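Structure, as structure tokens:
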Amino acid sequence: AVDITSLRSDADIITLDSGYGNTGSCESAITFINGEEGILRYRGYPIEQLAESATFPEISYLLIYGELPNLEQLSNFRQQLTFHSMIHEDMKKFFEGFRPSAHPMAILSAMVASMSTYYPELAEDDDMNVIRLLAKAKTIAAYAYKKSIGQPFIYPRDDLSYCANFLHMMFAMPTTTYDVPPELANALNMLLILHADHEQNCSTSTVRMVASSQANFFASISAGIGALSGPLHGGANQKVLEMLEMIQQDGGDYMKYVNLAKDKDDEFRLMGFGHRVYKNFDPRATFLRKAADNVIKTMGIDDPLLNIAKGLEEVALSDEYFIERKLYPNVDFYSGILYRAMGIPSAMFTVMFALGRLPGWIAHWKELRQDPGSRINRPRQVYTGPNERTYVPMDQR
Ligand code: ACO
């Protein structure tokens with residue numbers, strides 16, 4: 028029970044909004060969402076148009092600087108992102124200390140935090156650190172994968188696009204030539220754009236929370252990576268795949284798992300279903316569903332997990348439990364399926380999400396830091412502990 032005395036003695040009235048379902052934490056000009064109508068816009072541009080036509084560096088520029096770049100601006104930005112792709116040779120030694128089984132998300136957040144030891148924050152250096160982070164995160168991500176499979180690191184190449192460069196570092200070997208298939212680079216470009224921002228989600232709010240104390244840029248982003256790793260947030264894409272594999276190994280009876288998800292005595296949830304904000308459909312999921320179908324057809328992939336995914340999708344869209352609660356497949360449901368088709372291992376799925384979300388985190392970090400009215404984020408609480416007690420010495424307990 029809530030202790031009314033302690034509440035009153037504080038002389039404040041506290042509004043309790045568990046999980047911040049209806050609490051605005053800031054004003055922001057970056058991303059607009061209408062959850063009822065399934066609308067998502069970056070800086071006013073509909074997500075469908077951007078995912079169809081733009082490139083990830085272009086969208087990063089849009090989110091971070093507020094406007095679409097012209098040709099010269101984009102070419103400078105791309106050049107910078109390419110030029111800063113390599114990580115400091117000494118930073119490579121950090122990888123030696125991680126266990127081969129370390130989760131790549133843990134490596135990514137540790138390595139991003141460690142960037143502050145190489146690039147201390149100077150006010151006039153903000154934009155340089157933004158470039159460094161965007162350029163080097165993909166290299167760190169690919170190295171984390173190479174470390175996990177015991178293969179040598181592959182250096183970035185100056186002649187490749189952002190997405191092709193990442194795929195090159197993931198899949199090339201020093202002993203053979205590897206040409207990045209354009210359909211893979213295009214699919215990755217689209218996936219990263221779809222994930223690039225989503226207003227005050229858990230990880231972005233975390234970035235803003237940490238940044239509000241004026242902690243350094245890399246510490247703020249590293250905290251966001253940690254928040255994203257959870258299975259109720261970005262970690263869901265890996266969990267979707269693991270769930271589909273589990274159902275397949277169990278004979279493919281997905282109805283058993285649908286019933287488990289509906290059972291309130293069981294903790295099991297259908298991963299990749301439901302969203303705090305979208306109560307009609309997730310526009311990213313609608314776009315991705317079609318795109319995943321196309322890519323999988325083009326690549327001639329016949330994956331039994333896809334049939335299970337389709338079955339789950341149909342049940343969830345026709346079953347009262349899911350309809351009543353407005354639980355639709357979310358972006359993570361389809362991104363996992365597409366990443367698998369692209370040959371990306373499931374432990375890397377959430378890292379891919381993080382690479383996509385970087386420009387969003389950066390844009391929010393900048394917005395907060397440039398807001399003259401911003402102050403440290405400091406929520407209150409409703410105290411539910413004991414009333415005042417007298418300390419009991421050790422020999423009397
Ligand atoms: N499977 C079964 N039931 C579910 C699911 C699910 N995936 N999601 C929600 N529910 C049920 C809840 O049990 C609850 O039922 P009740 O009203 O009978 O108690 C009701 O739907 C509302 O759920 P909440 O947990 O209150 O919704 P909330 O907004 O807090 O959570 C979340 C949203 C975390 C996305 C949730 O739907 C979930 O856990 N989904 C699975 C994980 C997932 O896919 N996460 C990715 C989110 S998208 C992203 O990060 C990009």
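Mapping of the sequence shown onto full-length UniProt numbering: position 291 corresponds to residue 318, and the numbering continues sequentially without gaps.
Think of the CB as a built atom: it goes at the ideal place given N, C-alpha and C, for glycine as much as any other residue.
None of these values were measured; they are calculated from a predicted model.
Note that the C-beta distance between L218 and M326 is not below 8 Å. In this structure, P96 places its C-beta atom within 8 Å of the C-beta atom of E85. Excluding five sequence positions before and after S247, the CB atoms of its chain that fall closer than 6 Å to its own CB belong to V234, V237, A238, W392, given in chain order. For P183, the closest of T109, L161, Q241 by C-alpha to C-alpha distance is T109. In the structure shown, P331 adopts helical secondary structure according to DSSP, grouped into three states. Burial state of S230 is buried, judged by a 10 Å Cβ sphere holding 16 or more other Cβ atoms. Those residues that bring their Cβ nearer than 6 Å to a heavy atom of ligand 1 are G46, L259, H260, G261, A263, A288, R296, L297, M298, G299, F300, G301, H302, R303, R352, L354, N357, V358, D359. In the assembly as shown, D359 is a buried residue. Its beta-carbon has 16 or more other beta-carbons within 10 Å. Straight through space, the alpha carbons of Q265 and P372 are spaced by roughly 9 Å. Taking 8 Å as the cut-off, the Cβ atoms of H111 and I181 do not count as close.
Contact annotation: the stretch 250-266 does not touch the stretch 405-421, with fewer than three C-beta pairs closer than 8 Å. In the three-state scheme derived from DSSP, where H, G and I count as helix and E and B as strand, F59 is classed as strand. In summary, V267 is buried, with 16 or more beta-carbon neighbours lying within 10 Å of its beta-carbon over all protein chains present.
Between A374 and D330, the gap from beta carbon to beta carbon reaches 8 Å or more. In the structure shown, Y305 adopts coil according to DSSP, grouped into three states. Residue ranges of uninterrupted alpha helix (DSSP H) with 4 or more members are absent from the stretch 378-415; none lies entirely inside it.
The C-alpha of R105 lies about 23 Å from the C-alpha of L149. Under the three-state reduction of DSSP, Y281 is assigned to helix. If only complete runs of 4 or more residues are kept, the stretch 106-179 shows the alpha helix (DSSP H) at 119-124, 131-145, 153-176, in order along the chain.
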